[in-house]
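Here is the structure we will look at, set down as structure tokens.
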Amino acid sequence: MLLPPFLRQPKMIAWLWVLIKPINSLYATFVGERDNSIRKLSTTSQTISLEALLNAIFNAGFAPAINNNAIDYTGGGIYIQNTPNAVPFQYVFSVQELQPPLYVYSIGDVNISYLWSFPDYLQQLNFIVFVPALLPCDYILLRQFVDYYKPMGRNYTIQTY
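For the numbering used here, add 60 to where a residue sits in the sequence shown, where the first one is 1.
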């Protein structure tokens with residue numbers, strides 16, 4: 061409509077469309093990436109933020125209920141349960157560090173203290189992502205999202221319920 065009336069012919073409009081189409085496509089790509097970047101920047105590794113993102117992507121129609129100021133995901137939502145570390149950290153110190161001694165007992169003793177190896181610490185789970193069994197979900201994509209937003213050094217697993 062910005063063309064003068066005497067230039068509004070099909071050939072001229074098609075020629076202008078050919079010139080504008082790449083710019084229009086570039087603008088649409090930019091707007092899509094902008095929305096994606098804003099979503100990435102507004103999501104943190106906090107449990108509630110990550111749960112909201114996973115439910116928005118994989119379970120779009122789900123709205124969790126709020127009971128007694130707590131979010132209830134029993135209606136079929138994806139939720140995250142934090143688990144405390146099960147393996148206690150025990151360190152062996154030298155005499156110069158002035159720390160209490162760590163005693164390792166023999167096999168026959170009742171109170172046995174173990175020194176854990178590094179793979180034992182790697183097998184610990186810091187949190188569990190629960191996904192409804194009836195939800196059709198791409199687990200590879202779900203794992204990519206959780207890996208992107210989880211804090212470094214945290215281990216997790218994905219389970220269905």
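C-beta: ideal position from N, C-alpha, C; glycine also.
(Q) Quick check on the DSSP output: the alpha helix (DSSP H) that includes T103 runs from which residue to which? (A) Segment: none, T103 is in no alpha helix (DSSP H) and carries neither H nor E.
Q: For Y199, name the three-state secondary structure that DSSP assigns.
A: helix
Q.
Within a Cβ cutoff of 6 Å, which residues of the same chain sit near R214, ignoring the five residues on either side of it in sequence?
A. For R214, where only same-chain residues beyond five positions count, the Cβ hits under 6 Å are N186.
Q) If we ignore side chains and look at the alpha-carbon of each, how far apart do I83 and F90 end up? A) 10 Å
Q.
Using only the alpha-carbon positions, how far apart do N76 and D95 sit?
A. Correcting the residue type first, residue 76 is Leu in the shown sequence and not Asn. Rounded to the nearest whole angstrom, the CA to CA distance from L76 to D95 is 29 Å.
(Q) Whole angstroms are fine: how far does the CA of S102 sit from the CA of T217? (A) 24 Å
(Q) Let me confirm a value: I138 is counted as buried when at least 16 other C-beta atoms fall within 10 Å, else exposed. Which label applies? (A) The Cβ neighbour count for I138, taken over all protein chains shown within 10 Å, is at least 16; the residue is labelled buried.
Q) Expressed to the nearest angstrom, what Euclidean distance is found between the alpha-carbon atoms of V191 and L114? A) 10 Å
Q: Can you give me the start and stop residues for the beta strand (DSSP E) that I218 sits inside?
A: Y216 to T220
(Q) I'd like to know whether the C-beta atoms of I188 and Q219 end up nearer to each other than 8 Å. (A) It is a contact, given that the beta carbons lie within the stated cut-off.
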